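For the sequence shown, this note's numbering begins at 22 and goes up steadily by one.
All C-beta atoms in this analysis are idealised placements derived from N, C-alpha and C, irrespective of residue type, glycine included.
Just so it is clear, the structure is predicted and the values come from calculations on it, not from any experiment.
To start, the structure under review is shown below, and the notes come after it.
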Amino acid sequence: MTRDSARFREEKKRQIQRAALLAFSRKGYHRTTMRDIADFAGIGKSTIYEYFDSKEELFLSLIDFAGSQFLDSIKK
């Protein structure tokens, strides 16, 4: 994988995570569908599944990312 394609994949993943965060905050976890997240991200639903196997995995990635950000901030 080239550096540009790795960067593209990471940016797309972050785009999906931002959309998921928005959808979860507006509708709640249980009422949010992968279609909702795809719509917020402006992508097809199948694209999400290229990055995350399930809504639960996507949600857990948000928790992991937030935890990492928190730890980084307290280390400074």
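Subject >> Local Cβ density within 10 Å of Gly96, reported as buried at 16 or more and exposed below that >> reply: Sequence check: residue 96 is Lys here, not Gly. With fewer than 16 Cβ atoms within 10 Å of its Cβ, Lys96 is classed as exposed.
Subject >> Range of the contiguous alpha helix (DSSP H) that encloses Phe29 >> reply: 24 to 48
Original post:
What is the residue span of the alpha helix (DSSP H) that Thr53 lies within?
Top reply: That residue, Thr53, is in no alpha helix (DSSP H); it is neither H nor E in DSSP.
Subject >> Nearest candidate by alpha-carbon position, reference Lys76, set Phe86, Ser94, Gln38 >> reply: Gln38
Original post:
Is the beta carbon of Tyr70 sitting closer than 7 angstroms to the one on Lys34?
Top reply: no
Subject >> Cut-off 8 angstroms between Cβ atoms - residues of its own chain near Phe80, not counting five sequence neighbours on either side >> reply: Ala41, Phe45, Tyr50
**OP:** State yes or no: is the C-beta of Lys66 within less than 7 angstroms of the C-beta of Arg56?
**Re:** yes
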